[in-house]
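Student: Residue numbers (this note's numbering): 296 to 468. We treat Cβ as the ideally placed atom computed from N, Cα and C, and that holds for glycine.
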């Protein structure tokens, strides 16, 4: 159908060009007879108007045919789109056909359990193996005692400030 419509468009375009040539010819004839033969000039202008009317009708026909071509092309695109979507839906159906939501839930529960177990194992491996439980409060208190001892020893080592005496004059009065 599109091929036939395009052929018709080409034929209409050729017809338009032919009529435009006739319009140009009639206009030339009317100009040449305008002062010498008014009756011939008027007849030429009348034919020119008829040709112009035919060109307008052809233009309307061309617009209608071009709209049909676009509608058919759009329908073809829509058809191909629907076919592709149908194919995709069938593929998804085939993929999901082998899946069961209960089976998926069971698998996900198993994955979570194994992740929790792996986390527990990792925590057990990374825990310190020293037999003494270390209490953060005890360690903090011991650190504060050491800091105080260091400060006390620094205070005891302080040297007395030097005594500054006035300078003895070196010049005679």
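For residue 467, does the three-state DSSP call read helix, strand or coil?
Tutor: In this structure, residue 467 counts as coil in the three-state DSSP scheme.
Student: State the DSSP-derived secondary structure class of residue 393, mapped to helix, strand or coil.
Tutor: Coil.
Student: If we ignore side chains and look at the alpha-carbon of each, how far apart do residue 362 and residue 331 end up?
Tutor: Rounded to whole angstroms, residue 362 to residue 331 spans 47 Å at the Cα level.
Student: So, residue 357 versus residue 307, is the Cβ gap smaller than 9 Å?
Tutor: Their beta carbons are under 9 Å apart, which means residue 357 touches residue 307 by this criterion.
Student: What did DSSP end up calling residue 430 once you bin it into helix, strand or coil?
Tutor: In the structure shown, residue 430 sits in coil (DSSP, three-state: anything other than H, G, I, E or B).
Student: What three-state label does DSSP hand residue 331 in the structure shown?
Tutor: Three-state DSSP puts residue 331 in coil, outside helix and strand.
Student: For residue 439, which of helix, strand or coil comes out of DSSP?
Tutor: Helix, per DSSP.
Student: With DSSP run on the structure shown, which of helix, strand or coil describes residue 296?
Tutor: Here residue 296 sits in coil by DSSP.
Student: Keeping to the same chain, check which residues put their C-beta closer than 8 Å to that of residue 353; ignore five residues upstream and five downstream.
Tutor: These residues qualify, in order along the chain: 307, 310, 311 and 314.
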